[in-house]
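Engineer:
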Amino acid sequence: MIISDIVSLPTERISLACVLIMILALTTWRADLRLARPLLIASLRLIIQLSLVGLILEYVFEINNLLLVTLIALVMLLVAGREVSVRQKYRVSGRWGYGIGTCSMFVSSFTVSIFGLAAIIRAESWWDPRYSIPVLGMLLGNTMTAVALSLDRFTTYVWEGRETIEAKLMLGHSSQEALKMILRDSLRAGLMPVINSMAIAGIVSFPGMMTGQILAGNSPVDAVRYQIVIWLLIAVGCGFGSMLVVQMASKRVFDERERLRTDRIYKV
Numbered sequence: 002m003i004i005s006d007i008v009s010l011p012t013e014r015i016s017l018a019c020v021l022i023m024i025l026a027l028t029t030w031r032a033d034l035r036l037a038r039p040l041l042i043a044s045l046r047l048i049i050q051l052s053l054v055g056l057i058l059e060y061v062f063e064i065n066n067l068l069l070v071t072l073i074a075l076v077m078l079l080v081a082g083r084e085v086s087v088r089q090k091y092r093v094s095g096r097w098g099y100g101i102g103t104c105s106m107f108v109s110s111f112t113v114s115i116f117g118l119a120a121i122i123r124a125e126s127w128w129d130p131r132y133s134i135p136v137l138g139m140l141l142g143n144t145m146t147a148v149a150l151s152l153d154r155f156t157t158y159v160w161e162g163r164e165t166i167e168a169k170l171m172l173g174h175s176s177q178e179a180l181k182m183i184l185r186d187s188l189r190a191g192l193m194p195v196i197n198s199m200a201i202a203g204i205v206s207f208p209g210m211m212t213g214q215i216l217a218g219n220s221p222v223d224a225v226r227y228q229i230v231i232w233l234l235i236a237v238g239c240g241f242g243s244m245l246v247v248q249m250a251s252k253r254v255f256d257e258r259e260r261l262r263t264d265r266i267y268k269v
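In structure tokens form, the structure reads like this:
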């Protein structure tokens with residue numbers, strides 16, 4: 002397939018997809034599910050955000066400047082950190098509530114992205130925005146979900162099981178021993194969606210990057226190779242991100258004398 006063979010999507014065709022969203026919103030409204038407003042707002046945000054991103058990326062790709070790429074990456078990280086924070090049923094108090102998720106994503110996603118770009122993809126410049134921004138975006142998006150799920154499960158279990166934890170501490174268990182089952186379940190909550198998606202990739206579903214490259218006219222074999230690399234990087238980023246966030250949270254809920262500090266967690 003050559004570039005001229007690619008089917009473009011004019012605005013009137015995109016509006017047909019919007020009509021389907023309107024039908025779904027109307028259906029949920031008539032069923033009194035209270036989802037019509039969030040659905041329409043999310044759809045509007047999607048259209049506006051992606052349209053702006055398309056215009057911005059055209060400019061960024063043309064300039065190909067490391068400083069600009071770094072700035073965009075930091076904005077993506079800060080937004081992802083906020084999303085992790087607002088998705089929690091129980092939040093860690095103080096700056097830790099925002100910093101735990103942000104720091105864990107920074108260490109995991111940025112490290113894995115740089116390794117993948119420099120050692121595996123090996124573009125002419127490892128920070129080439131045509132590669133670095135999409136790769137980091139996919140890693141951050143998935144790691145954000147894993148981190149949010151792990152942190153939410155951890156803080157919920159600590160709050161609801163605080164009496165059990167304190168009983169274990171009274172019996173002589175260390176803080177890590179008292180949290181062993183909670184840590185394990187929290188990590189499973191963050192990683193299982195990624196593991197499930199990897200297990201069905203190419204059989205039940207076609208991953209987004211692979212589908213996008215095929216629609217853009219690239220060879221299916223090359224698209225598959227890129228998708229394999231991306232999924233493996235995503236799994237690593239999600240794994241280390243989840244591990245970091247629950248370890249940082251576990252340090253926060255205990256003081257230096259290994260006393261459980263539930264006052265450092267509050268319900269939203």
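Residues in the sequence shown are numbered consecutively from 2, following this note's numbering.
Idealized CB from N, CA, C, for every residue including glycine.
Can you list, in chain order, the residues of its chain whose CB lies under 6 Å from that of I22, leaving out five sequence neighbours each side?
Structural biologist: The answer, listed in chain order, is S44.
Engineer: Along the alpha helix (DSSP H) that carries I266, what are the first and last residues, could you check?
Structural biologist: I266 -> not in any alpha helix (DSSP H); beta strand (DSSP E) instead, spanning 266-268.
Engineer: Please classify L261: does DSSP put it in a helix, a strand, or coil?
Structural biologist: Strand, per DSSP.
Engineer: Could you tell me which residues DSSP pairs with R92 in its beta bridges?
Structural biologist: Partner(s): Y267.
Engineer: Could you tell me the alpha carbon to alpha carbon distance between W30 and A37, rounded to whole angstroms?
Structural biologist: Whole-angstrom Cα-Cα distance: 5 Å.
Engineer: CB-CB under 6 Å to A224, same chain, minus the five flanking residues each way: which ones, in chain order?
Structural biologist: Within the same chain, A224 has close Cβ partners M211, Q214, I215.
Engineer: Where A200 and M171 are concerned, what is the direct C-alpha to C-alpha distance, given to the nearest angstrom?
Structural biologist: Taking the straight line from one Cα to the other gives about 42 Å.
Engineer: What do you reckon, are the CB atoms on V237 and I121 nearer than 8 Å?
Structural biologist: No. Outside cutoff.
Engineer: Please state whether DSSP places F255 in a helix, a strand or coil.
Structural biologist: Strand at F255.
Engineer: Taking DSSP as the reference, what is the three-state secondary structure of A202?
Structural biologist: Of the three classes helix, strand and coil, the one that applies to A202 here is strand, per DSSP.
Engineer: Between which two residues does the alpha helix (DSSP H) carrying V134 extend?
Structural biologist: One point to set straight first is that residue 134 is Ile, not Val, in the sequence displayed. Where I134 is concerned, the enclosing alpha helix (DSSP H) stretches over 130-161.
Engineer: Which residue comes first and which comes last in the alpha helix (DSSP H) that contains S52?
Structural biologist: That run of the alpha helix (DSSP H) goes 37-64.
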